[in-house]
Amino acid sequence: MIADLGIAFARVAFVMLFVLNTAAILGWVERKQSAIMQDRIGANRASIFGLRALGLFHPLADTLKMLTKEDFRPARADRLLFVLAPFVSVFFALLAFASIPFGDTLRIGDRVIPLQAVTLNVGILYVFAMLSLGVYGVMMAGWSSANNFALMGGQRAAALMISAEVAIGASIIGVIMVYGSLNLMEIVRGQGALLWGWLPKWGIVTQPLAFVLFLTAGIAATKRIPFDTPEGESEIIGYFIEYSGMKFGMFLMTDMVETAVIAGLCTSLFLGGWQVPYLGAGGVQFPWGTTLALSPLTVTVLQVGAFVVKVSIMIFLLMLIRWTLPRFRYDQAMRLGWLGLFPLSILNIVLTGMVLLVLRPS
Amino acid sequence: MTMRLGQRFYLREIASGLGLTAGHFFRNLGRHIAHAFGRRGTPGAVTIQYPEEHRPYAPRLRSLHRLVRREDGSPRCVACMMCETVCPAHCIYIVADEHPNPEIEKVPVSFDIDLGKCVFCGYCVEACPEDAIRMDTGILEFSSYSRAGMIYTKEMLLALEPAGPLGKPTSPVPIPADRRV
Numbered sequence: 000m001i002a003d004l005g006i007a008f009a010r011v012a013f014v015m016l017f018v019l020n021t022a023a024i025l026g027w028v029e030r031k032q033s034a035i036m037q038d039r040i041g042a043n044r045a046s047i048f049g050l051r052a053l054g055l056f057h058p059l060a061d062t063l064k065m066l067t068k069e070d071f072r073p074a075r076a077d078r079l080l081f082v083l084a085p086f087v088s089v090f091f092a093l094l095a096f097a098s099i100p101f102g103d104t105l106r107i108g109d110r111v112i113p114l115q116a117v118t119l120n121v122g123i124l125y126v127f128a129m130l131s132l133g134v135y136g137v138m139m140a141g142w143s144s145a146n147n148f149a150l151m152g153g154q155r156a157a158a159l160m161i162s163a164e165v166a167i168g169a170s171i172i173g174v175i176m177v178y179g180s181l182n183l184m185e186i187v188r189g190q191g192a193l194l195w196g197w198l199p200k201w202g203i204v205t206q207p208l209a210f211v212l213f214l215t216a217g218i219a220a221t222k223r224i225p226f227d228t229p230e231g232e233s234e235i236i237g238y239f240i241e242y243s244g245m246k247f248g249m250f251l252m253t254d255m256v257e258t259a260v261i262a263g264l265c266t267s268l269f270l271g272g273w274q275v276p277y278l279g280a281g282g283v284q285f286p287w288g289t290t291l292a293l294s295p296l297t298v299t300v301l302q303v304g305a306f307v308v309k310v311s312i313m314i315f316l317l318m319l320i321r322w323t324l325p326r327f328r329y330d331q332a333m334r335l336g337w338l339g340l341f342p343l344s345i346l347n348i349v350l351t352g353m354v355l356l357v358l359r360p361s
Numbered sequence: 000m001t002m003r004l005g006q007r008f009y010l011r012e013i014a015s016g017l018g019l020t021a022g023h024f025f026r027n028l029g030r031h032i033a034h035a036f037g038r039r040g041t042p043g044a045v046t047i048q049y050p051e052e053h054r055p056y057a058p059r060l061r062s063l064h065r066l067v068r069r070e071d072g073s074p075r076c077v078a079c080m081m082c083e084t085v086c087p088a089h090c091i092y093i094v095a096d097e098h099p100n101p102e103i104e105k106v107p108v109s110f111d112i113d114l115g116k117c118v119f120c121g122y123c124v125e126a127c128p129e130d131a132i133r134m135d136t137g138i139l140e141f142s143s144y145s146r147a148g149m150i151y152t153k154e155m156l157l158a159l160e161p162a163g164p165l166g167k168p169t170s171p172v173p174i175p176a177d178r179r180v
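These protein sequence lines map, in sequence, to chains H and G. Straight run, no breaks: the first sequence in numbering that gives the first Met the number 0 ends on number 361. Straight run, no breaks: the second sequence in numbering that gives the first Met the number 0 ends on number 180.
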């Protein structure tokens with residue numbers, strides 16, 4: 000009983016710490032990556048006892064700064080909703096990562112531990128539910144600030160979120176059809192199979208169109224450039240215009256956590272999750288017949304490592320897109336969502352269904 | 000204006016843009032790593048880390064004034080008031096007196112420049128018949144919490160030296176008495 004509780008706690012703690020630390024590091028990654036892309040050096044001045052550590056202390060300094068700043072609330076703002084909004088926003092973003100698996104089952108003695116915080120049969124629906132609920136925080140912030148620009152930002156966020164969520168939902172139907180499950184763990188397991196004996200059956204291989212659509216809609220769901228119309232820095236500042244101090248910091252953190260969630264989802268659905276090519280439960284089995292036996296613990300460590308590496312690569316890609324593309328105008332973002340992504344994802348569903356019908360073992 | 004189909008499709012152009020920025024990223028990252036291991040190639044960034052490093056200044060840059068000294072250390076200035084007259088900002092204040100040497104007309108008892116008013120036009124340097132005031136110290140970092148702290152006196156201006164190669168200052172920034180901590 001105690002051991003079960005401890006294991007459950009450890010699973011949740013691992014995921015929570017992974018997400019929170021990723022979100023904290025992302026602030027540093029964002030600054031440094033954009034700097035290196037633009038021939039600059041980036042933030043490097045924060046130091047502890049003269050140790051600069053490539054600017055790694057800047058997230059720490061930022062947090063301290065935000066915690067000690069004045070926590071301002073406009074006189075006409077709705078007191079409860081104004082305070083609640085950033086918490087709602089960051090809470091659902093954090094929850095979304097819970098059912099993303101970071102490894103296969105781990106056997107300790109006679110216990111079988113699935114390496115994900117919450118084992119859900121409809122994990123993928125849960126993740127999207129949490130992602131969609133995140134927009135409530137943004138709308139609450141926009142509404143309760145008693146500021147027209149904030150209200151416009153909140154409405155834009157709601158509109159963008161709806162068009163993005165529809166495309167996200169429609170684009171993953173193809174993945175669900177191919178792997179036949181709503182359980183993220185099962186979807187990742189299904190991606191361990193090999194096509195024609197050598198090609199890993201990852202989602203990006205079976206569903207390339209869905210990958211592009213999901214990535215685009217996923218970036219829109221994070222509300223970051225090129226889809227940062229809710230923020231619209233150059234025109235309306237956006238839903239958090241009245242926020243200061245750590246409440247503003249929480250909105251910032253929400254964006255980072257959502258980036259991590261989208262990267263984790265992309266990894267789980269399209270890049271094989273924790274799968275290492277040709278690595279099975281017993282060891283590496285190369286397509287040309289060679290086998291390399293590995294202990295179960297080594298396999299688990301390799302799988303968790305593979306998941307982390309894949310998420311890091313996806314985050315790099317998301318950051319690269321964010322620092323390369325200019326912002327879509329509001330109407331362009333809407334048109335892309337409803338006239339581009341959504342019909343294409345429907346087309347993807349139809350194509351997938353036809354292919355599955357043809358390939359069906361008779 | 001019609002766009003080509005490839006441009007309308009948008010994804011290909013995005014891919015080429017991402018390729019460009021990713022190329023910059025990995026090229027610069029490699030250069031940063033090479034520098035960290037002590038190699039002296041092209042640096043990975045064009046950044047000049049300002050307080051420690053300075054951008055090279057041009058020789059004709061107009062920086063903090065200095066008063067040129069005679070061989071005995073007294074100012075070359077003869078208090079002719081040319082610079083004070085020509086100064087468009089009226090920031091030079093000269094008090095003149097007889098010079099003990101009859102060969103020399105006058106000498107400034109005090110020569111104050113209020114840098115809070117100075118516009119660094121360089122007219123004082125142009126107007127000076129004795130080449131007694133120059134703006135070649137290479138010093139640009141003088142700031143103060145008070146207006147009085149921006150007033151530089153004759154003694155401070157006399158102590159300055161011309162800038163070295165690449166406009167690097169050779170004399171320390173003179174700090175007025177009320178600005179010393």
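Cβ atoms here follow ideal geometry from the backbone N, Cα and C, with glycine treated the same way. Computed from a predicted model, the values in this text were never measured in an experiment.
Chain C contact for residue 34 of chain G (CB, 8 angstroms cutoff): The structure shown contains no chain C; the protein chains it does contain are H and G.
Assigned secondary structure, residue 186 of chain G (DSSP; H/G/I helix, E/B strand, else coil): Because chain G is modelled from 0 through 180, residue 186 of chain G falls outside the range shown and cannot be assessed.
Local Cβ density within 10 Å of residue 151 of chain G, reported as buried at 16 or more and exposed below that: buried
Those runs of the alpha helix (DSSP H) which lie wholly inside the stretch 29-102 of chain G and span at least 4 residues: 81-85
Distance between beta carbons of residue 163 of chain H and residue 336 of chain H, contact taken as under 8 angstroms: 6 angstroms
DSSP bridge partner residues for residue 38 of chain H (one or two, in chain order): None; residue 38 of chain H has no bridge partner.
CB contact below 8 angstroms: residue 53 of chain G versus chain H: no
DSSP beta-bridge partners of residue 105 of chain G: Per DSSP, G:97.
Chain H within 8 angstroms of residue 14 of chain G, Cβ atoms only: no
Proximity test, Cβ basis, 8 angstroms: residue 227 of chain H and chain G: Answer no: the Cβ-Cβ gap between residue 227 of chain H and chain G never drops below 8 angstroms.
Contact list for residue 24 of chain G against chain H, beta-carbon separation under 8 angstroms: 32, 35, 36 and 319, listed in chain order.
Residue 44 of chain G: contacting residues in chain H (beta-carbon distance under 8 angstroms): 34, 35, 38, 39 and 40
Identified DSSP bridge partners for residue 112 of chain G: Under DSSP, the beta-bridge partners assigned to residue 112 of chain G are G:91 and G:151.
Endpoints, the beta strand (DSSP E) within which residue 270 of chain H is located: Careful: residue 270 of chain H lies outside any beta strand (DSSP E) and carries neither H nor E.
Beta-bridge partners of residue 290 of chain H, as assigned by DSSP: H:284
Interface flag, residue 21 of chain G vs chain H, CB-CB below 8 angstroms: The beta carbon of residue 21 of chain G sits closer than 8 angstroms to some beta carbon of chain H.
CB contact flag (residue 369 of chain H, residue 14 of chain H, <8 angstroms): What the structure shows of chain H is the stretch from 0 to 361, and residue 369 of chain H is not part of that stretch, so it cannot be assessed.
Contact set between residue 17 of chain G and chain H, taken where Cβ atoms lie within less than 7 angstroms: 319, 320 and 323
Which residues DSSP lists as bridging residue 107 of chain H, in chain order: H:110
For residue 11 of chain G, three-class secondary structure by DSSP: helix
is_contact[residue 100 of chain G, chain H] using C-beta, thresh 8 angstroms: no
Sequence-distant residues of its chain with Cβ nearer than 8 angstroms to residue 286 of chain H (five each side left out): 193, 196, 197 and 277
Residue span of the alpha helix (DSSP H) that contains residue 171 of chain G, given as start and end: Counting along the chain, residue 171 of chain G falls outside any alpha helix (DSSP H), and DSSP gives it neither H nor E.
Buried versus exposed call for residue 344 of chain H [16 or more other C-beta atoms within 10 Å across all chains shown]: buried
Residues near residue 324 of chain H by beta carbon distance below 8 angstroms, same chain, minus five either side: 224 and 225
The stretch 145-161 of chain H touching the stretch 243-251 of chain H, judged by at least three CB pairs closer than 8 angstroms: no
Residue interval of the alpha helix (DSSP H) (run including residue 135 of chain H): 122-143
CB of residue 122 of chain H within 8 angstroms of CB of residue 181 of chain H, strictly: yes
C-beta atoms of residue 218 of chain H and residue 151 of chain H nearer than 8 angstroms: no
Three-pair Cβ contact test at 8 angstroms for the stretch 97-114 of chain H versus the stretch 54-72 of chain H: Per the Cβ contact rule, the stretch 97-114 of chain H is not in contact with the stretch 54-72 of chain H (fewer than 3 Cβ pairs under 8 angstroms).
Boundaries of the alpha helix (DSSP H) in which residue 299 of chain H is found, first to last residue: 295-323
Cβ-based neighbour list, residue 272 of chain H, same chain, cut-off 7 angstroms, excluding 5 preceding and 5 following: 100, 187, 190, 266 and 306
Close beta carbons around residue 110 of chain G, own chain, < 6 angstroms, minus the five adjacent residues each side: 93 and 153
Bridge partners - residue 133 of chain G, DSSP secondary structure assignment: G:65
The stretch 294-301 of chain H in contact with the stretch 247-260 of chain H per 3-pair CB rule at 8 angstroms: no
Cβ of residue 114 of chain G within 8 angstroms of any chain H Cβ: no
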